[in-house]
Amino acid sequence: MPVPDQYGFFIDPTRCIGCRACVQACAECDTHKGTPMIHLEYLDRASSTQTMPMVCMHCDSPTCAEVCPADAIKRSEDGVVRSALKARCLGCNNCVLACPFGVPKMDSDFDLMMKCDMCYDRTSIGKKPLCASVCPSGALFFGTPTEIEQQRPRSAPVNRFQFGAQTITTKVSMMAPRNGRLPRIEVTECLYDPATDALDRMTASLFESEGM
Amino acid sequence: MATQPAATRDILEHFGPHCAYAVNGSGAGPEADRLVKTHCCFCGQQCGIQLKVNGNRVIGFEPWEEFPFNRGMLCPKGVKRYLQGAHPDRLLYAYQRDPAASGGFRPLPYTEAIKQVAAAIQRIQTQYGNDAFAVLSGASLTNEKAYLMGKFARMCLKTAHIDYNGRLCMVSAAAANKLAFGIDRAANPWSDLISAEVVWISGANIGECAPITTHYIWQARENGARIIVVDPRITPIARTGDLFLPIKPGRDAALFNGILHLMIEHDWLDHDFIEKHTIGFAQVAEYVREWTPRRTAEITGIAERLIRQAAEWWGTARTSFLLHARGIEHHTHGVQNVLGAINMVLASGRLGRPSCGYATITGQGNGQGGREHGQKCDQLPGGRDITKPEHRAHVAAVWGVEPNELPGPGVDAYEIFRKIDRGEVRGLLSICFNPKVSLPDNAFVGRMLDKLEFYVAIDFFLSETARHAEIVLPGSLHEEDEGTVTQVEGRVIKINKCVDPPGEARQDWRIVQDIAAALGRKRGFTFASPREIFEELRRASAGGTADYAGITYERIEREFGVFWPCPSEDHPGTPRLFEDGSWNPVARGQGRFYFPDGKARFHVAAYAPPAEDVDSEYPIILTTGRVVSQFLSGTQTRRIGPLIDQYAEPRVEMHPRLADRLGIADGEWATIASRRGSCTLRAQVVTTIRPDTVFVPYHWPGARSINQVTIAAQDPISKIPEFKVCAVRVFKAESAPDDEPEE
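Just so you know, the protein sequences line up as chains A and B, in that order. Under the numbering used here, read the first sequence as residues 238 to 449, first letter to last. Under the numbering used here, read the second sequence as residues 1345 to 2087, first letter to last.
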């Protein structure tokens, strides 16, 4: 049974709290137990708590499949790009290098390219992907375009991406804020200024006592 | 006497913590033969979850999308909670301390262990008096167990000294809510959040400590709400909030007073509400006159323009919801901080209506129910007061004893340890509490455990505290028993049993009843099931503020939980408190709040600096908290491999401005030292924290425990310890801490 047409997968990084419920849930799948296929990373923890979850975008013309010398990567009629077929995959890593979103991983334990297949075992029987089911922030959402339009008025889905000369359209959408950029907060710009002077005084006295 | 019986390394080898993992690889594991609808065992959100069970083993989870609070959503702890079952560290037998045994404890038959416990209790109480034996209980227990622990202490042991680890959690909020509203519960269901115009979040790291609430906040924002976050750190929820106020730890009351000052100055007040439904406003208005924006900025360390902006948004909103958590409560002025927040809410008049709300975000699994039914030192079931004659009479009648047989109020959990120091408490029974990790200045706690003549711990794993016990009784995991808990909104929900306790382990309520029987005091402790305990709890709570009389197991399942107060079976329950025309047993129609005149109370929220302010010797503020992958003292979550892998070790967060001055680079070892102790951890250098403050999560024991450093100063009213602020020095460590595990 195919993944129902009316459902889409939407990623909204502004909502992500980095809790990794998606990663922990993905690793529960019986086909790759213990190995999550979803990526979740801090963009730059030194300056922000912003995290970014990344599932396979399920491209309409998947680059991974195009570069595969063994024709091991199949896109099903419902638009889901599947992990490499075990019988065909050479483990050559072409797909890993070519994917513009950096999604597929070479799993040496399995000797196979593996990636997010939108929980095909769940979505093909009417369930949601496990990551989108558990995500407590709504950063990962599986539902209809009508639901997303009603529930997310501040942002709009985008599924057309430009990588140099390459234009890619995808089954999965990224939610982009409608009114431009989000403000970036700096702690030091939010302080009452003399408070930072106090820090200088305090730490100065600390260094004197340390003889530094 | 009760020092650890063997070297820590030896104990660790036998009792863990070891990390449990699922068996990795492809291919289907065992099939689930049933799915059990229940709730997560961890925080106060109590998310609905379905556990997959095969035989007598929990093997995984499925989302429970019909449960309305979380609709299938979970945090990583919920996803991996199933790994605590069938764990190699699970206590399968009763144990007796035995330095000659490997691991320091030898198994002994359960019945023999119960006999020894009863004999020790009898000996200590005969020799030193009933109050020389104390009970420490916990807020992760079901309502039934919490109720039974209170009854056991008062009626069976006849000791005044029972308290619980909610003392480290939400007691400041509880005390302030009772002072202001006469009742201690979230005023609104979370569904009121999503349509509020302004959501004010003070001292609540929602993304990590109450992850499911995030969805409500973001939905409010989608609907146009402005999100104001007050926190010393840019937490995940603060990152994309609309206004961030990086408050200096320990200054919350100052900020709330400053906001109220501006509300009064600009007449952003609901005069009609203040007049009709409150008393005490004039006095508070007089007090906040001195809290000018300039002074508020100086004290709180927040830019004045942000304080003005926050006041304007809050002041001019038509609807709003104020949330707070431990960030404003873990203070020697925790009650004052909460009163300050409540004053802002009362002055706005935005309470008791749809989209107009106020709540503390309860932390522990049964943080709400665990603080209602009599395991607090000054409380009887139904939120009743142990000092009030009519309250004592009601509960005594349910228990079939004379009111004068009930002991008076006891002391708080930390004071119980001071009583051990003074020789006034000689014996201890603990359940669901790991104070050697969770209490401040925990070197003192360890010494006090060593000083006890007898200590018995009921636990499912050998916690760091239980290692000091003479006898350890094997209790039950969450999934091995049924019962009710009351989650963050005040919704009473049902925990369902998935599996039987393994080996000689048994349900905690059975263990407590076995002790009562061995003491020859069976009367009142012959319940055959949690349901029977709940039926008595309903009667004991009837007529109290936390009235469960109309709640049944069947209704809970049918209605996805029932909100107390619910005085009769035909009563729908009370999702939203303080509504116009609402009736309560204290006001009896006089008004919506739980006082005889029906009016809420403004209280002056007096600001004072923290118990230990910074000085030239200890110039940096330490604040502590949690990470999303661990829960409280970690007894369970430090045994779940994938959660440990997510965040393996506590790190000390510091701003690069501070790190540069200290000569510490990201990932280097840094020592945090206070007047109590020190702790050496890797630095995490981030711009997301105030430069005068460092942050460390507290879930770890021994050498990695930041509670070696924290201060045991307590709020005079709520007795909550000041975990959120003390003074430290931070310096680069010459080398990694000693490899030898000291925990």
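Even glycine gets a Cβ: it sits at the ideal position worked out from N, Cα and C. Computed from a prediction, not measured in an experiment: that's the story for all the values here.
Proximity test, Cβ basis, 8 angstroms: residue i and chain B
i: Leu314 of chain A; result: Looking at the sequence shown, residue 314 of chain A is not Leu but Glu. Taking Cβ atoms only, chain B never reaches closer than 8 angstroms to Glu314 of chain A, which makes this a no.
i: Arg389 of chain A; result: yes
i: Thr286 of chain A; result: yes
i: Gln399 of chain A; result: no
i: Tyr244 of chain A; result: no
i: Asp354 of chain A; result: no
i: Pro373 of chain A; result: yes
i: Val304 of chain A; result: no
i: Tyr357 of chain A; result: no
i: Glu278 of chain A; result: no
i: Thr425 of chain A; result: yes
i: Glu384 of chain A; result: no
i: Arg282 of chain A; result: yes
i: Ser422 of chain A; result: Sequence check: residue 422 of chain A is Ile here, not Ser. With 8 angstroms as the cut-off, Ile422 of chain A counts as an interface residue toward chain B.
i: Ala324 of chain A; result: no
i: Lys270 of chain A; result: yes
Secondary structure of residue i, DSSP reduced to three states
i: Arg1850 of chain B; result: coil
i: Met1417 of chain B; result: coil
i: Asp1722 of chain B; result: coil
i: Ala2080 of chain B; result: coil
i: Val1789 of chain B; result: helix
i: Ile1591 of chain B; result: coil
i: Glu259 of chain A; result: According to the sequence displayed, residue 259 of chain A carries Cys and not Glu. Helix.
i: His2043 of chain B; result: coil
i: Glu447 of chain A; result: Interpretation of Glu447 of chain A is limited by its pLDDT of 43, a score under 50 that renders its predicted location unreliable; no figure is taken from the coordinates.
i: Gln1471 of chain B; result: helix
i: Gln2028 of chain B; result: strand
i: His1610 of chain B; result: coil
i: Ile405 of chain A; result: strand
i: Glu1879 of chain B; result: helix
i: Trp1534 of chain B; result: helix
i: Ala1569 of chain B; result: coil
i: Ile1900 of chain B; result: helix
i: Tyr1991 of chain B; result: coil
i: Ser1326 of chain B; result: No answer is possible for residue 1326 of chain B: it lies beyond the span of chain B, which begins at 1345 and ends at 2087.
i: Tyr244 of chain A; result: coil
i: Ser1873 of chain B; result: coil
i: Leu1512 of chain B; result: helix
Residues bridged to residue i (per DSSP)
i: Pro2000 of chain B; result: Pro2000 of chain B pairs with nothing; no bridge assigned.
i: Met412 of chain A; result: A:Pro394
i: Lys1522 of chain B; result: Looking at the DSSP assignment, Lys1522 of chain B forms no beta bridge with any residue, so it has no partner.
i: Ala2017 of chain B; result: B:Ser2022 and B:Arg2073
i: Thr1301 of chain B; result: Residue 1301 of chain B falls outside the range modelled here, since chain B spans only 1345 to 2087, and no answer is possible.
i: Tyr1799 of chain B; result: B:Leu1772
Cutoff 8 angstroms: residue i Cβ touching any chain A Cβ
i: Ile1837 of chain B; result: no
i: Ala2014 of chain B; result: no
i: Trp1534 of chain B; result: no
i: Val2030 of chain B; result: yes
i: Gly1360 of chain B; result: no
i: Ile1571 of chain B; result: no
i: His1559 of chain B; result: yes
i: Leu1606 of chain B; result: no
i: Leu1589 of chain B; result: yes
i: Asp2010 of chain B; result: yes
i: Glu1759 of chain B; result: no
Check: residue i C-beta below 7 angstroms from any heavy atom of the ligand MG
i: Gly1935 of chain B; result: Of the ligands one can find in the structure shown there are none, so the ligand MG has no counterpart to examine.
Notebook entry, point to check: Residue ranges of each alpha helix (DSSP H) run of no fewer than 4 residues wholly in the segment 284-372 of chain A, ordered along the chain?
Noted result: 300-303, 331-335, 357-360 and 367-371
Notebook entry, point to check: What are the uninterrupted segments assigned as beta strand (DSSP E) that are 3 or more residues long and contained completely in the segment 1937-1971 of chain B, given in chain order?
Noted result: 1964-1969
Checklist line | Secondary structure, beta strand (DSSP E): runs of 3+ residues fully inside the segment 1377-1462 of chain B | finding: 1378-1383, 1392-1398, 1401-1407, 1438-1441 and 1449-1452
Checklist line | Positions along the segment 1413-1439 of chain B whose CB lies within less than 8 angstroms of some CB in chain A | finding: Asn1414, Gly1416, Met1417, Leu1418, Cys1419, Pro1420, Gly1422, Val1423 and Lys1424
Next item on the list: Just list the alpha helix (DSSP H) runs in the segment 1624-1688 of chain B, keeping only unbroken ones of 4 residues or longer that don't cross its boundaries, in chain order.
Entry: 1625-1632, 1637-1644, 1648-1660 and 1670-1673
Item checked: Residues, ordered as in the chain, of the segment 248-261 of chain A that lie near chain B by beta-carbon distance below 7 angstroms -> Thr251, Arg252, Ile254, Gly255, Cys256, Arg257, Ala258 and Gln261
Next item on the list: Check distances from the C-beta atoms of the segment 1979-1994 of chain B to those of chain A and list, in chain order, the residues that come in under 7 angstroms.
Entry: Pro1986 and Gln1990
Item checked: Residues of the segment 1647-1658 of chain B whose Cβ lies closer than 7 angstroms to any Cβ of chain A, in chain order -> Ala1647, Glu1648 and Leu1650
Checklist line | Contact set between the segment 1629-1646 of chain B and chain A, restricted to residues whose Cβ is under 8 angstroms from the partner | finding: Ala1641, Glu1642, Thr1644, Gly1645 and Ile1646
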